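One structure below.
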Amino acid sequence: MKRLSWWLVAVLVAISGITLALPLGHTWPTPQIFWELRVPRLIFAILGGAMLAASAVIFQTTLRNRYVDGGMLGLASGVELGNAVLAVFFAPATPWRVLTGAVWAVVWLLILRASMLRILRQPLQLLLGGLGVAMVLNAIMTLLTSNQGFVGKSLANVTVQDTWLLAIVGIVGIIIWQIAGTTLTYFALPKLHVVQLGIDETRLSLLWQLGAALLIGAVTAVLGTTFFVGLIIAQVIAQVVVKPAQNRLVVTGLLGAVMLSTSDLLAHSVHYPVELPTGAVLMLLTAPLLLILWKGGPHVN
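Under UniProt numbering, the residues of the sequence shown are numbered 1 to 301, in order.
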């Protein structure tokens with residue numbers, strides 16, 4: 001696992017160097033472009049990719065379902081809907097979209113825990129239920145914003161404020177991780193054994209899922225919904241690194257950071273000066289990773 005982590009760090013450093021120094025339109029970046037546009041955008045991509053992937057590990061583990069992530073559960077769609085409503089009816093909140101996205105994700109998580117997550121216990125039922133919720137929320141958002149000029153999500157409009165707000169949310173996630181300690185490994189045990197150990201799995205899962213919701217909400221506020229991406233990245237690492245979920249969080253986050261930073265580099269350079277939706281490029285790059293899962297079969301523990 002250490003070797004894989006170092007390889008991912010090396011790739012991430014290479015991608016970061018190219019992103020910061022790449023001349024676009026045969027023009028080298030000016031100091032203003034470098035510090036006000038490229039650096040915040042790169043930091044957001046690195047942190048956002050790591051948070052997107054780590055949140056998927058947490059949801060898959062605490063729900064004991066290897067086929068879900070924040071997008072599949074409808075959390076990401078709920079964040080987009082909530083922020084779209086704020087943008088339409090309360091535009092001054094837009095600069096705080098990362099923070100409001102995190103709050104919306106927590107709200108939707110609590111709603112889901114009181115409804116769908118309480119009722120749907122089987123993996124397939126939960127998967128279909130989550131997709132149904134996501135489809136409804138996406139449809140509502142599309143109807144509300146169809147005449148508002150909304151387009152595919154890109155990191156081109158990332159601001160310095162977006163980046164430091166994302167960093168703050170990430171720090172909160174790390175604090176929750178430290179508070180929970182190694183308790184994520186309890187979810188690898190059968191539920192009966194967890195009860196026998198005197199552990200309240202419902203309360204423990206709430207703590208972890210609140211942290212994961214904050215992460216996915218903050219990222220989605222800018223990147224948009226990316227179906228299956230977190231699920232696939234988490235499962236690829238689970239296939240390659242046979243370790244408990246607690247030990248896979250960092251390396252999974254590194255792969256997520258590599259994937260999103262690479263996707264954003266391609267999104268703003270391949271067809272310059274036209275910006276491609278970063279989320280769409282991310283989904284396109286992540287899809288081939290399914291070959292690893294088809295070959296070996298995904299698992300979570």
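Using N, Cα and C, we set each Cβ at its ideal position, and we do this for glycine too. The model shown is predicted, which means the values in this text are computed figures rather than measured ones.
Hey, could you find the ends of the alpha helix (DSSP H) I7 is sitting in?
Locating residue 7 in the sequence shown gives position 7, counting from the first residue. Ile is not the amino acid found at residue 7; the sequence shown has Trp there. K2 to A21 is the extent of the alpha helix (DSSP H) around W7.
With DSSP run on the structure shown, which of helix, strand or coil describes T27?
Position 27 of the sequence shown, counting from 1, holds the residue named residue 27. T27: strand per DSSP, three-state reduction.
With C-beta atoms as the reference, is Y186 less than 8 angstroms away from V194?
Counted from its first residue, the sequence shown places residue 186 at position 186. Counted from its first residue, the sequence shown places residue 194 at position 194. Going by C-beta atoms, Y186 is nearer than 8 angstroms to V194.
If you follow the alpha helix (DSSP H) that E201 is part of, which residue opens it and which one closes it?
As a working mapping, residue 201 is identified with position 201 in the sequence shown. Where E201 is concerned, the enclosing alpha helix (DSSP H) stretches over E201 to L223.
Assuming K191 is part of the alpha helix (DSSP H), what are its boundary residues?
Along the sequence shown, read from residue 1 onward, the residue named residue 191 stands at position 191. K191 to Q196 is the span of the alpha helix (DSSP H), which, as asked, contains K191.
Can you give me the start and stop residues for the alpha helix (DSSP H) that N65 sits inside?
As a first step, residue 65 must be located in the sequence shown, where it is residue number 65. Neither: N65 is in no alpha helix (DSSP H) and is coded neither H nor E.
Coarse secondary structure for S154, derived from DSSP in three states:
Your numbering for residue 154 matches position 154 in the sequence shown. If DSSP states are grouped into helix, strand and coil, S154 belongs with coil.
Kindly list the residues whose CB is nearer than 7 angstroms to the CB of L47, restricted to its own chain and excluding five residues on each side of it in sequence; keep chain order.
Working through the sequence shown from its first residue, we reach residue 47 at position 47. Here the set comprises L166, A167 and G170.
Considering only residues of the same chain and omitting the five flanking positions on each side of P40, which have a CB-CB separation below 8 angstroms?
Mapped onto the sequence shown, residue 40 falls at position 40. Correct list, in chain order: V158, T159, V160, D162 and T163.
Tell whether a beta-carbon distance below 8 angstroms holds between I233 and M259.
If you number the sequence shown from 1, residue 233 lands on position 233. If you number the sequence shown from 1, residue 259 lands on position 259. Yes.
If you check the beta carbons only, do A221 and V79 fall under 8 angstroms apart?
Position 221 of the sequence shown holds residue 221. Position 79 of the sequence shown holds residue 79. It is a contact, given that the beta carbons lie within the stated cut-off.
On a Cα-Cα basis, can you pick out the residue from A21, G71 and R248 that is closest to W177?
To locate residue 177, count along the sequence shown from 1; it is residue 177. Among A21, G71 and R248, the Cα nearest to that of W177 is on R248.
Hey, W108 and G71: beta-carbon distance below 8 angstroms or not?
What you label residue 108 is simply residue 108 of the sequence shown in a count that begins at 1. What you label residue 71 is simply residue 71 of the sequence shown in a count that begins at 1. Contact flag unset, no.
Cut-off 7 angstroms between Cβ atoms - residues of its own chain near L265, not counting five sequence neighbours on either side
As a working mapping, residue 265 is identified with position 265 in the sequence shown. I15, I18 and T19, listed in sequence order.
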